[in-house]
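Okay, so the sequence shown: first residue is 2 according to the working numbering, each after it adds one. Read the structure below first, then the notes.
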Amino acid sequence: MAQPESAPRPGAGPERQRHLYLAGLAGRVPRVPPQAEQLEARARAVMSRQAFAYVAGGAGLERTVRANRAAFEAWRIVPRVLRDVSVRDTSLTLLGRRVPAPILLAPIGALDLVHRQADLAVARAAAGLGLPFIFSSQASVPMEECARAMGESPRWFQLYWSRSDELTRSLVRRAEHSGCDAIVITLDTPLLGWRPRDLVLGYLPFLHGRGIAQYTSDPVFLAGLGEPVEGPSPSVPPTPRSMAALLEQARRHPGSFWRNLRSGAGRAAVRRFLALFSRPSLVWEDLGRLRDYTRLPVLLKGILHPDDARRAVAMGMDGVIVSNHGGRQVDGAIAALEALPGVVEAVGGRLPVLFDSGIRSGADIFKALALGATAVCVGRPYVYGLALGG
Ligand code: FNR
2 MAQPESAPRP
12 GAGPERQRHL
22 YLAGLAGRVP
32 RVPPQAEQLE
42 ARARAVMSRQ
52 AFAYVAGGAG
62 LERTVRANRA
72 AFEAWRIVPR
82 VLRDVSVRDT
92 SLTLLGRRVP
102 APILLAPIGA
112 LDLVHRQADL
122 AVARAAAGLG
132 LPFIFSSQAS
142 VPMEECARAM
152 GESPRWFQLY
162 WSRSDELTRS
172 LVRRAEHSGC
182 DAIVITLDTP
192 LLGWRPRDLV
202 LGYLPFLHGR
212 GIAQYTSDPV
222 FLAGLGEPVE
232 GPSPSVPPTP
242 RSMAALLEQA
252 RRHPGSFWRN
262 LRSGAGRAAV
272 RRFLALFSRP
282 SLVWEDLGRL
292 RDYTRLPVLL
302 KGILHPDDAR
312 RAVAMGMDGV
322 IVSNHGGRQV
332 DGAIAALEAL
342 PGVVEAVGGR
352 LPVLFDSGIR
362 SGADIFKALA
372 LGATAVCVGR
382 PYVYGLALGG
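Here it is, written out as structure tokens:
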């Protein structure tokens with residue numbers, strides 16, 4: 002029978018191992034399997050088709066999703082012997098703060114597709130481990146609520162730069178008030194990737210009012226709800242499905258369901274979000290404005306080219322995250338791990354270089370660190386853990 006498990010401490014691998022074997026003696030197996038492939042398979046069985054497609058899917062033919070894994074397979078570790086490992090310490094100082102392991106939880110949107118408690122459950126789990134959780138711009142729970150659940154535990158905020166500077170500024174201000182230690186600006190999503198698994202299902206969570214909680218809790222966003230939205234009004238035929246989506250939008254919008262339904266606030270929020278999401282015209286020069294908005298450290302996520310890393314250094318950024326968004330944006334893009342050594346060399350120790358896209362095990366984390374990463378962000382595996390274990 003599955004039993005709830007308490008959170009292991011980072012670096013407590015042998016204790017965790019012992020716990021699992023002893024639990025096995027009593028006939029208990031872990032609810033969340035420790036192998037990445039089984040984790041995904043078991044999570045798939047409890048997730049809706051739409052949720053699994055959204056989480057597992059990548060751009061185009063998913064060549065970059067596969068390349069991310071193949072790049073890890075191409076490296077092997079050469080172990081050394083007779084080094085005293087009776088005491089192990091995985092802790093490090095990241096942006097001036099001590100963290101117990103070089104692991105962060107990557108920003109992942111629309112987590113309520115996977116579990117009712119969504120970001121809140123992840124916030125609690127991250128705080129339990131003392132690992133930083135990067136709140137997504139596309140979260141399903143407002144950042145203030147997650148921050149409250151985390152106490153003093155570290156959190157960062159991931160920003161998608163909106164077409165409205167005023168909204169961008171408001172999100173950043175709220176991140177400061179929520180005790181975030183850094184702003185991560187994601188630069189690889191000026192437009193949403195072409196994701197066939199979602200396209201064949203015709204499913205985008207945001208259209209159902211999922212993953213827009215940072216917006217619907219934002220005073221600037223809400224103040225503009227009555228304003229006309231640019232672009233043609235989408236015409237959706239009235240079918241049982243589109244009616245159900247309308248009800249979902251009203252239910253997910255803050256406040257009374259009936260009032261939202263009558264006023265059309267849920268639908269208006271989705272339309273406004275779509276009109277404001279992401280600014281495809283964003284260029285390097287815009288980043289300077291972020292410095293006017295906040296004193297928090299700023300990290301650039303989605304860096305794959307050494308020249309972009311050099312530019313980040315030259316612009317006084319506080320870190321880069323080597324990432325291809327888990328292969329969800331540019332099909333055929335270089336594996337993130339392949340890009341890592343070049344970026345590390347270009348940065349030359351002047352900034353922390355974080356890494357994500359393809360981390361599935363502790364050995365993967367070791368490889369990324371060995372190739373020069375300061376720390377890594379874990380993505381899909383924790384989403385599968387959320388689906389299975391809350
Ligand atoms: C993401 N990622 C992401 N990144 C980001 O900056 N903001 C976001 O809202 C999201 N949302 C999101 C949703 C889902 C379902 C996935 C799988 C990923 C990208 C994420 O932060 C990270 O870069 C990847 O997850 C890394 O790839 P792996 O290791 O999870 O395959």
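From the three backbone atoms N, C-alpha and C, an ideal C-beta is built for every residue, glycine too. Being a predicted model, the structure only gives us computed values, none of them experimental.
Would you identify the three-state DSSP class for residue i, choosing helix, strand or coil?
i, result
"Q4", "Here Q4 scores only 39 on pLDDT, less than 50, and its place in the model should not be relied on; the value that follows carries that caveat. In this structure, Q4 counts as coil in the three-state DSSP scheme."
"F207", "helix"
"T217", "helix"
"F278", "coil"
"Q159", "strand"
"R295", "Correcting the residue identity first, residue 295 is Thr in this sequence and not Arg. Coil, per DSSP."
"R351", "coil"
"T94", "strand"
"Q18", "helix"
"A388", "helix"
"L301", "strand"
"R1", "With the chain running from 2 to 391 in the structure shown, residue 1 is simply not present."
"R77", "coil"
"R99", "strand"
"W259", "helix"
"W285", "helix"
"E339", "helix"
"D308", "helix"
"T65", "helix"
"V30", "coil"
"C147", "helix"
"D166", "helix"
"P239", "coil"
"P382", "helix"
"R327", "Strictly speaking, residue 327 in this sequence is Gly, with Arg absent from that position. G327: helix per DSSP, three-state reduction."
"R43", "helix"
"G227", "coil"
Could you tell me if residue i is buried or exposed, where buried requires 16 or more neighbouring beta carbons within 10 angstroms of its beta carbon?
i, result
"Y383", "buried"
"H178", "exposed"
"F258", "exposed"
"M1", "The requested residue 1 is not part of the displayed model; the chain covers only 2 to 391."
"T94", "exposed"
"Y385", "buried"
"S138", "buried"
"Q4", "Annotation note: pLDDT 39 at Q4 (below 50); position unreliable, no value reported."
"Q36", "exposed"
"V299", "buried"
"D219", "buried"
"D85", "exposed"
"V354", "buried"
"M2", "Note that M2 scores 35 on pLDDT, short of 50, meaning its location in the model is unreliable; the coordinates nonetheless yield the value given after this. By the neighbour-count rule (16 or more Cβ atoms within 10 Å), M2 is not buried but exposed."
"E346", "exposed"
"S171", "buried"
"P15", "exposed"
"E38", "exposed"
"E231", "exposed"
If you drop the 5 nearest sequence neighbours on each side, which residues of the same chain put their C-beta closer than 8 Å to that of residue i?
i, result
"R99", "S92, L93"
"E167", "V221"
"N69", "N325, G327, G328, A336, A337, L338, S358, G359"
With a threshold of 8 Å between beta carbons, is residue i in contact with chain D?
i, result
"A371", "Judged by its chain identifiers, the structure shown contains no chain D, having just a single protein chain."
Please return the same chain residues whose Cβ sits closer than 6 Å to the Cβ of residue i, not counting the five positions on each side in sequence.
i, result
"V33", "G386, L389, G390"
"T162", "The sequence shown places Trp at residue 162, not Thr. Same-chain partners within the cutoff: T169, R280, L283."
"V185", "I135, W157, Q159, L300, K302"
"L275", "none"
"V237", "S243"
Bridge partners of residue i, per DSSP?
i, result
"I109", "I109 pairs with nothing; no bridge assigned."
"I104", "V377"
"T187", "K302"
"I322", "K302, L355"
"I135", "W157"
Apart from the five residues just before and just after residue i, which ones in its own chain have a Cβ nearer than 7 Å to its Cβ?
i, result
"L226", "A266, A269, A270, R273"
"R211", "A111, D113, L114, S141, R253"
"P1", "Here the chain has residues from 2 to 391 only, and residue 1 is not among them."
"R43", "P34, L389"
"L62", "D332"
"T190", "Y161, S279, H326, Q330"
"M144", "F136, F158, R175, A176, S179, Q215"
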